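Trainee: The UniProt record's numbering applies: residue 1 is where the sequence shown begins, and numbers increase by one. Don't be surprised by glycine CBs; every beta carbon is placed ideally from N, CA and C. Since this is a predicted model, take the numbers as computed values, not measurements. Here's a structure for you.
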Amino acid sequence: MIDGELFDNLEFSSSTIRNSHCKGDKQLLWGGIQLIVSGDFFQIPPINAHNPRNEFAFESSYWKATFDIQMELTHIYRQSDFELIDFLEGICRGQVDRDNRNFRRFLHGTASVNSAIDDNLTETRLFPRTDDVRRVNQEHLRSLGKEVERFNVVDKGSMPWLKQLKYQITPDELEICKGARVMLIKNTDQAIRLVNGATRVVTRFKAGSSISSENNVNGVVPIVRFDSRSEVPLDVEKWDIITLSKAMELRLFAGKLHSY
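Okay, structure coming up:
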């Protein structure tokens with residue numbers, strides 16, 4: 001997200017560079033560059049904004065002068081429950097009314113009932129920092145008191161491409177055990193709802209493919225029972241990243257899982 005100060009600085013740089021090459025005394029905003037800008041100001045705000053009074057891009061000195069037309073997209077495609085939409089928008093705008101609070105209590109009560117029915121169901125907890133996520137995951141994993149299986153990523157390739165693999169979402173080492181609740185981080189089989197974000201618990205382990213031993217000393221893979229009630233073995237997956245018809249990097253990682 002671009003803050004207001006950065007927006008002003010970009011306008012100043014563009015105007016200075018482009019107007020210096022223009023004939024005449026007319027100075028154009030952005031040096032005459034045409035801008036088409038889109039964004040969601042309800043998402044994470046700008047990081048390290050130096051001027052809190054100029055935090056968002058639309059608080060910039062040049063915002064209104066830059067855009068002749070500004071439009072707000074209002075149709076929601078990802079949700080169809082109008083009560084849920086109203087609840088989420090109220091949170092985003094910081095305008096939570098009595099109906100929103102009642103809806104929140106209803107959701108919390110539903111989660112409590114489901115937890116009582118299914119001992120394996122736990123609420124997902126969200127944290128802004130990866131370190132906090134890892135800490136909570138480890139605490140929960142140790143509390144299960146089961147033997148832990150470790151799965152390690154195997155990266156193959158040449159520098160500098162190999163170094164870039166460290167920035168992937170998959171951890172270098174994944175620790176899970178029977179009873180651990182896990183989440184898919186990529187689509188696997190949409191027909192049976194095995195998609196990015198699907199969650200459930202590890203029920204057991206079994207022998208994996210011939211390359212599983214590279215990632216796990218016992219050569220096993222986890223069997224996971226997802227919310228769709230499907231029990232699925234999650235074997236090692238191979239990712240080949242090809243650029244300019246040349247294999248640049250190879251990543252093998254275990255399980256396609258993120259435990260929490």
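Compute the Euclidean distance between the alpha carbons of ARG200 and LEU84, then round it to the nearest angstrom.
Mentor: Mapped onto the sequence shown, residue 200 falls at position 200. Mapped onto the sequence shown, residue 84 falls at position 84. Each residue's Cα considered, the two are about 24 Å apart.
Trainee: Please work out which residues of its chain come closer than 6 Å, Cβ to Cβ, to SER60, disregarding the five sequence neighbours upstream and downstream, and give them in chain order.
Mentor: Taking the sequence shown and counting its residues from 1, the one referred to as residue 60 is at position 60. The residues are GLY4, PHE7 and ASP8.
Trainee: Might you give, ordered along the chain, the residues of its own chain that have their beta carbon closer than 7 Å to the beta carbon of GLY179, omitting 5 neighbours on each side?
Mentor: The residue you call residue 179 lines up with position 179 of the sequence shown. Counting only Cβ-Cβ distances below 7 Å, and skipping sequence neighbours, we find LEU144, LYS146, VAL201 and VAL202.
Trainee: Going by beta-carbon coordinates alone, are ALA207 and VAL220 separated by less than 7 Å?
Mentor: For the purposes of this step, residue 207 is taken as the residue at position 207 of the sequence shown. For the purposes of this step, residue 220 is taken as the residue at position 220 of the sequence shown. The answer is yes: Cβ separation under 7 Å.
Trainee: Which of helix, strand or coil does DSSP assign to ASP131?
Mentor: Reading the sequence shown from its first residue, position 131 is the one you call residue 131. Note: ASP131 maps to helix in three-state DSSP.
Trainee: Which full runs of the beta strand (DSSP E) of 3+ residues lie inside the region 143 to 206, going along the chain?
Mentor: Segments of the beta strand (DSSP E) lying fully in the region 143 to 206: 149 to 152, 154 to 157, 173 to 176 and 181 to 184.
Trainee: Got a sec, what are the start and stop residues for the alpha helix (DSSP H) ILE223 sits in?
Mentor: For the purposes of this step, residue 223 is taken as the residue at position 223 of the sequence shown. Here ILE223 belongs to no alpha helix (DSSP H); instead the beta strand (DSSP E) covers 220 to 226.
Trainee: Take PHE103 and list the residues in its own chain whose beta-carbon comes closer than 7 Å to its own, dropping the five residues that flank it on each side.
Mentor: As a first step, residue 103 is located in the sequence shown; it is residue number 103 there, counting from the start. Result list for PHE103: GLU83 and PHE87, in chain order.
Trainee: Give me, in chain order, the residues of the same chain whose beta-carbon lies closer than 7 Å to that of ARG125; leave out the 5 immediate sequence neighbours on both sides.
Mentor: Mapped onto the sequence shown, residue 125 falls at position 125. Excluding positions up to five away in sequence, the list reads VAL136.
Trainee: Below 7 Å CB to CB, which residues in the same chain sit around GLY32 once its five sequence neighbours on both sides are set aside?
Mentor: Stepping through the sequence shown from its first residue, residue 32 is reached at position 32. Cβ within range, chain order: ARG18.
Trainee: Looking at the structure shown, is GLU72 part of a helix, part of a strand, or coil, going by DSSP?
Mentor: Position 72 of the sequence shown, counted from the first residue, corresponds to residue 72. GLU72: coil per DSSP, three-state reduction.
Trainee: Taking the alpha carbon of CYS177 as the reference point, which residue from ILE47, LYS26, ARG142 and VAL37 has its own alpha carbon closest?
Mentor: For the purposes of this step, residue 177 is taken as the residue at position 177 of the sequence shown. Checked all of ILE47, LYS26, ARG142 and VAL37; the closest Cα to CYS177 is ARG142.
Trainee: Excluding five sequence neighbours on each side, which residues of the same chain lie with their C-beta closer than 8 Å to the C-beta of PHE127?
Mentor: Taking the sequence shown and counting its residues from 1, the one referred to as residue 127 is at position 127. These residues qualify, in order along the chain: VAL133 and VAL136.
Trainee: So GLU231 is in the beta strand (DSSP E); what residue range does that whole segment cover?
Mentor: In the sequence shown, residue 231 corresponds to position 231, counting from 1. Per DSSP, GLU231 belongs to the beta strand (DSSP E) from 231 to 233.
Trainee: On the CB-based measure, 16 or more other CB atoms within 10 Å of its CB, does PRO160 come out buried or exposed?
Mentor: Here residue 160 refers to the residue found at position 160 of the sequence shown. PRO160 comes out exposed.
Trainee: Look up THR16 in the DSSP assignment and say whether it is helix, strand or coil.
Mentor: The sequence position of residue 16 within the sequence shown is 16, counting from 1. Looking at THR16 - three-state DSSP - the assignment turns out to be helix.
Trainee: How would you call PHE67, buried or exposed, if buried means at least 16 neighbouring beta carbons within 10 angstroms?
Mentor: For this step, residue 67 is matched to residue 67 along the sequence shown. Flag for PHE67 reads exposed.
Trainee: When the Cα atoms are used, what is the spatial distance from GLN138 to VAL96?
Mentor: Here residue 138 corresponds to residue number 138 of the sequence shown, with the count starting at 1. Here residue 96 corresponds to residue number 96 of the sequence shown, with the count starting at 1. Near 35 Å, if we compare the C-alpha coordinates of VAL96 and GLN138.
Trainee: Which residue comes first and which comes last in the alpha helix (DSSP H) that contains THR124?
Mentor: The residue given as residue 124 occupies position 124 in the sequence shown. Run containing THR124: none; DSSP gives neither H nor E here.
Trainee: With respect to the alpha helix (DSSP H) encompassing residue 279, which residues constitute its N-terminal and C-terminal limits?
Mentor: With the chain covering 1 to 260 only, the question about residue 279 has no answer from this structure.
Trainee: Within 10 angstroms of the Cβ of ALA65, are there 16 or more other Cβ atoms? Answer buried if so, exposed if not.
Mentor: Counted from its first residue, the sequence shown places residue 65 at position 65. So ALA65 counts as exposed.
Trainee: Just verifying my parser: in three-state terms, what is the DSSP assignment at ARG78?
Mentor: Position 78 of the sequence shown, counted from the start, is the residue given in the question as residue 78. ARG78: coil per DSSP, three-state reduction.
Trainee: Output needed for ASN196: all residues of its chain with C-beta closer than 7 Å, excluding positions within five of it in sequence on either side, in chain order.
Mentor: As a position in the sequence shown, residue 196 is number 196, starting the count at 1. Once the five neighbours on either side are set aside, the close Cβ partners of ASN196 are LEU184, ILE185, LYS186 and ASN187.
Trainee: Could you give the residue range of the alpha helix (DSSP H) that holds CYS64?
Mentor: On the sequence shown, residue 64 is found 64 positions in, with the first residue counted as 1. According to the sequence provided, residue 64 is Lys. The question's Cys does not apply to it. Start and end: 63 to 66.
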